[in-house]
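These notes concern the structure reproduced below.
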Amino acid sequence: MKRKFLMIVAGALAVSFMLGSPLCYSAESIKIAGIFALSGRGAHIGTSQRDAVILAIDDVNQKGGINGRMLEMVMGDTESNPTKAVMALKKVLESQDVVAIIGPTLTGTAMAMRGFIEKEKIPTFMHSGGDVILKAPLDKKDPTSLPKWTFKSPYKAADAMGKICQYMSKHGIKNIGFLYSNEGFGKDGLKNVMVQAPKYGVTVVAQEAFQPKDIDITAQLTRINAKNVDGIIAWTVGPAMGIIAKNIKQLGIKAPLFECHGAGDPIFWKVAGTAGEGVMMPSTKIVVGDQLPDTDIQKKKILDYVKAYKEKFNHEPGTMVAYGADAAFIVIDAIKKAGPDRAKIRDAIENTKGYVGISGIYNISPQDHNGLSMKDIVMIKATKGSWTLLD
Amino acid sequence: MNSLSKQKDIIGFGALAVIIIILPLFVESKYYFIVLNVIGLNTIVVVGLNLLIGFTGQISLGHAAFYGLGSYFSGVLTVNYGFPLWPAMLVGMLATGAVAYLIGYPSLKLQGHYLVMATLGFGIIINILMGELEQFTGGHDGLMGIPPLTMGGLAFDNDLKNFYLIWSFVFLCMLAARNLLNSRVGRALRAISGSEVAANSLGVNTADYKVKVFVLSAMFASISGSLYAHYITFISPSSYDFHYSIQVVTMVIVGGMGSLWGSLLGAGVLTYISEALHVAKQYHVIAYGVFLCLVLIFLPEGILIGIYNLFLKAKTKKHIMKADRH
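Protein chains in written order, with this note's numbering: chain C, 515 to 905; chain D, 125 to 450.
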């Protein structure tokens, strides 16, 4: 009898999966797609970016939508996997009237989707970090074949690295050690530091790699410390951000630690604990909104957004949220200007000039589908579970 | 081989061919085509892996690497060196087979589950190499701009054309596996799966057969990998990590070890379920796990044989009840 009951439950589940797929549409809404890493290794970033986009859309809808039409998001999950990302994209494209796409989260998934996006001609605003998304030609033989329909909201990793080096040279830090995780993001950082450091008279005297899943990095830090460095840059995201901070304290290394632009997020304190105190990093202004001078034109926008975010989701937004929010705001603005037409929306996004966003002021052009510059980045310092704005 | 099961096979393959040909008439959505195509790609890997798991009792946890080798041989040779497309695929297949031989030869000479260890390590090494050999593979950023396959003047550049291409390969691979199992080699393999010692004593060179089957299953995975690369046109190391190896082993088990049609079913059901479960939003990972548990608890022989057995049981029960009444 018990067995029979379980079989019935299993059967009912199976039927519900088969029926579940179609989405409900209301006749008049304008649809945009949101494709995020909602599960898998990028889930902690993807979910906060999803929340950021939901907040932006709710805001528009509460104000009466766009010309009386509500905005609706069709959501897709990349599972942090390139194949699944393309599947999610095609699923979203089924609802033919999706006018634009926001996302995806991770660079690998973005690269897998890029070819199809360009072929289908859908304006897409990504919030994945890799500069390669905009830099790599679509056709390897033709270096001018850069993506036409793809945009991205996070500032360039090269600029973030430049910002650190600029700060270092200003504060007399000359010889540095560079520590990076041995995967795409870390190695990209290594390339960038080799270009940026000499520009500001900073010399990389030691470089060490570690595996992203390492639980102890003291060996590498000891080798770096042996070179008498004045500062250390650690280029990684995830638990290693905290491990490095802890190891430095344990070894009693005095040289200040700088981390990457992904560290300015509440997750940093979760992994670093009290050892995070004093770590410096480049960041968007979202985490230090209240410390900005009143003359900063972004200040009001950031404070309003942070307040709304906290009310809705009951926790502090981090840098990743800013990227998701800006992607959504710019796309929504383009729809307001151009109406629900894919090609016109693309042109409107490309002509976004002086747009005051959360991550910075966007000046998008045909040559630059990102639109942020080094001016939009601030240096912050981790202090008592929060952040202090540095000069 | 009796004529009855031969007849069954003819019906089975005939039905598969008919379904492949007419299915596109009923499916309009591009999304369902990509799901079907991914099912097809997984099926090719699973059919090969099932030959290994189902008939020699050996498990490989490195099939993601063989799948990846196929993808990367096709991708790197065509993008970086301008190789013609089909020969690149063939080179990939042969090279993957050779690599599999090098791993299988020493580890399959040993009694016990040494192949699992060897393939586990191998899979991880290959995955790291994909990221590290940047000048060839494009590193972690991936390799882009892989051209679609062409045949004559026809380029397989959309979901529908790829559907026919991929499923033709599924059909051929399944047919090859079926013929293999019904040949002298197949009988030897069945003997090994029955009892290795007995097979050995009857003059079957078990180690040799195991290596051959392993090489063959790696080549199947390589074909599938090449098709994937030319279909999605972009590859990166994250598609070929350890999870994929686990996923295909799960498909073999859910479909039914040693069952050819079970392989098709296992790949189909698991690929589709993991997509359909997105309805459950953030709970889809849990729902997927629950589904796997249910299958393994109630249908441990795999879906195909399990359901068939349930059906038989119900039938005999009815007979018994009828007999009781009389």
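From the three backbone atoms N, C-alpha and C, an ideal C-beta is built for every residue, glycine too. The structure presented is a predicted model; accordingly, all values stated were derived computationally and were not measured.
Contact criterion: CB-CB distance below 7 Å. Does residue i meet it with respect to chain C?
i                      : result
residue 265 of chain D : yes
residue 443 of chain D : no
residue 402 of chain D : yes
residue 225 of chain D : no
residue 274 of chain D : no
residue 409 of chain D : yes
residue 439 of chain D : no
residue 357 of chain D : yes
residue 192 of chain D : no
residue 205 of chain D : no
residue 288 of chain D : no
residue 158 of chain D : yes
residue 198 of chain D : no
Taking 7 Å as the limit between beta carbons, can you name the residues of its chain near residue i, skipping five residues before and five after?
i                      : result
residue 795 of chain C : 772, 773, 774, 775, 777, 778 and 894
residue 261 of chain D : 196, 200, 254 and 267
residue 862 of chain C : 848, 851 and 852
residue 225 of chain D : 335 and 339
Determine, using beta carbons only, whether residue i and residue j come nearer to each other than 7 Å.
i                      : j                      : result
residue 359 of chain D : residue 266 of chain D : yes
residue 886 of chain C : residue 868 of chain C : no
residue 548 of chain C : residue 616 of chain C : yes
residue 671 of chain C : residue 696 of chain C : no
residue 793 of chain C : residue 756 of chain C : no
residue 188 of chain D : residue 412 of chain D : no
residue 228 of chain D : residue 338 of chain D : yes
residue 357 of chain D : residue 249 of chain D : no
residue 364 of chain D : residue 251 of chain D : yes
residue 823 of chain C : residue 569 of chain C : yes
residue 307 of chain D : residue 243 of chain D : no
residue 799 of chain C : residue 892 of chain C : yes
residue 748 of chain C : residue 704 of chain C : no
residue 780 of chain C : residue 544 of chain C : no
Here's a check: name, in chain order, each residue in its chain whose Cβ is nearer than 6 Å to the Cβ of residue i, leaving out the five neighbours to either side.
i                      : result
residue 542 of chain C : 583
residue 430 of chain D : 423
residue 355 of chain D : 286
residue 728 of chain C : none
residue 166 of chain D : 391 and 395
residue 897 of chain C : none
residue 289 of chain D : 280
Candidates the options: which alpha carbon is nearest residue i's?
i                      : options                       : result
residue 659 of chain C : C/768, C/860, C/748 and C/628 : C/628
residue 815 of chain C : C/635, C/730 and C/802        : C/802
residue 674 of chain C : C/702, C/877 and C/619        : C/702
residue 788 of chain C : C/889, C/685 and C/760        : C/760
residue 962 of chain C : D/316, D/178 and D/361        : Shown here, chain C extends from 515 to 905; a query on residue 962 of chain C therefore has no answer.
residue 829 of chain C : C/552, C/544 and C/566        : C/566
residue 711 of chain C : C/883, C/765, C/745 and C/871 : C/745
residue 598 of chain C : D/400, D/220, D/180 and D/264 : D/400
residue 743 of chain C : C/725, C/762 and C/753        : C/762
residue 591 of chain C : D/398, D/419 and D/416        : D/398
residue 833 of chain C : C/871, C/811 and C/608        : C/871
residue 154 of chain D : C/576, C/661, C/601 and C/902 : C/601
Does residue i come within less than 7 Å of chain D when only Cβ atoms are used?
i                      : result
residue 547 of chain C : no
residue 852 of chain C : no
residue 597 of chain C : yes
residue 730 of chain C : no
residue 716 of chain C : no
residue 642 of chain C : no
residue 662 of chain C : no
residue 688 of chain C : no
residue 534 of chain C : Its pLDDT being 41, under 50, residue 534 of chain C is placed unreliably by the model, and nothing is read from it.
residue 608 of chain C : yes
residue 697 of chain C : yes
residue 672 of chain C : no
residue 759 of chain C : no
Please confirm whether any heavy atom of the ligand SAH lies closer than 6 Å to the CB of residue i.
i                      : result
residue 844 of chain C : Only the bare structure without any ligand can be found here, which leaves the ligand SAH out of the picture.
Could you tell me the boundaries of the alpha helix (DSSP H) in which residue i lies?
i                      : result
residue 633 of chain C : 621-634
residue 767 of chain C : Counting along the chain, residue 767 of chain C falls outside any alpha helix (DSSP H), and DSSP gives it neither H nor E.
Quick one: residues in its chain with C-beta nearer than 8 Å to the C-beta of residue i, no 5 flanking neighbours on either side, listed in chain order?
i                      : result
residue 293 of chain D : 164, 168, 347, 348 and 351
residue 137 of chain D : 295, 298, 299 and 302
residue 162 of chain D : 395
Over the uninterrupted beta strand (DSSP E) stretch that includes residue i, give me the two end residues.
i                      : result
residue 718 of chain C : 717-724
residue 693 of chain C : 689-695
residue 589 of chain C : 585-591
residue 668 of chain C : From DSSP, residue 668 of chain C is part of no beta strand (DSSP E); its letter is neither H nor E.
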